[in-house]
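Read through the structure below, which is laid out as structure tokens, and then see the notes.
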């Protein structure tokens, strides 16, 4: 089993270097990154088509990269996690979001900072979707250095973090190696639900992809067949500048 999702995609680096617009160390050059982002999101702006109606919800969600110290209410915290809950009907377990083969191989871990979420002690928890409960896993603290430099301020100010971890034992027996691909798709769907739930409950959120998860892996009690995919930082915030 690969130790990190990076092991799967690093082999594409040579392909990336051959693409138009590639620039070495672009992510460390703010000006170059801003130009690249602007060009990317505007790539279809000169084309015309049939206009479709817009919705207010699309214009509301934003990423929040600086959070206030105000504790998140237990009700808001619960509402965010509950978007990933499950229930049993007619002998089948059902979720609000889809998953390839109905396997739901991505586990949800939550790290809560002490005093930042009402009625929840600091520590790492496993979210149990069918019970809609969080089960304590570890009282350990996640250090700021587990994140790369550009994301440390986001992490240091957030109230809680959500970590998505793929369990190969839950889907690879059916899908072989493609099980990981489907797990990555699942995680994207789950993050979409989580960010919308945050927005609906007045909680700011920011999705973070890569981090030095290996440095904190032991605190989660994962098996060797589990792979970190992504995380989301969340908390209260001041204003709408994000």
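Numbering (the UniProt record's numbering), first residue to last: 1 to 242. Virtual Cβ for every residue (Gly too), placed ideally from N, Cα, C.
- Across the structure, residue 49 and residue 37 are spaced so that their CA atoms are roughly 23 angstroms apart.
- Residue range 178-200 is occupied by the alpha helix (DSSP H) that includes residue 192.
- Per the Cβ contact rule, the segment 89-102 is not in contact with the segment 70-77 (fewer than 3 Cβ pairs under 8 angstroms).
- For residue 136, the enclosing beta strand (DSSP E) stretches over residues 133-138.
- Residue 93 is bridged by DSSP to 88.
- The secondary-structure analysis by DSSP pairs residue 233 across a beta bridge with 161 and 206.
- Judged by DSSP in its simplified three-state form, residue 215 adopts helix.
- Residue 122 sits in coil when the DSSP states are folded into three classes, being neither helix nor strand.
- Exclusion of the five residues before and after residue 23 leaves 32 as the residues of its chain whose Cβ lies within less than 6 angstroms of its Cβ.
- DSSP places residue 142 in the coil class of the three-state scheme, outside both helix and strand.
- In the three-state scheme derived from DSSP, where H, G and I count as helix and E and B as strand, residue 222 is classed as coil.
- Annotation for residue 65: 153, 154, 206 and 242 place their beta carbon closer than 8 angstroms to its own, counting only its chain and skipping 5 residues before and after.
- In the structure shown, residue 64 falls within a coil segment according to DSSP collapsed to helix, strand and coil.
- Residue 72 is bridged by DSSP to 117.
- When the five nearest sequence neighbours on each side are left out, the beta carbons in the same chain lying within less than 6 angstroms of the beta carbon of residue 179 are those of 171 and 172, in order along the chain.
- Counting only residues of its own chain and dropping the five nearest sequence neighbours on each side, residue 148 has a CB closer than 8 angstroms to the CB of 210, 211 and 212.
- When only Cα atoms are considered, residue 6 and residue 12 end up about 10 angstroms apart.
- When DSSP reads this structure, residue 107 sits in a beta bridge with 165.
- By the C-beta density criterion, residue 10 is exposed, having fewer than 16 other C-beta atoms within 10 angstroms.
- Distance from the CA of residue 130 to the CA of residue 104, rounded to the nearest whole angstrom, comes to 12 angstroms.
- Of all alpha-carbon atoms in 235, 218 and 233, the one lying nearest the alpha-carbon of residue 227 is that of 218.
- Taking C-beta atoms as the reference points, residue 4 and residue 168 fail to come closer than 8 angstroms.
- Shown here, residue 128 sits in a strand according to DSSP, grouped into three states.
- Around the beta-carbon of residue 111, 16 or more other beta-carbon atoms lie within 10 Å, marking it buried.
- DSSP places residue 227 in the strand class (E or B) of the three-state scheme.
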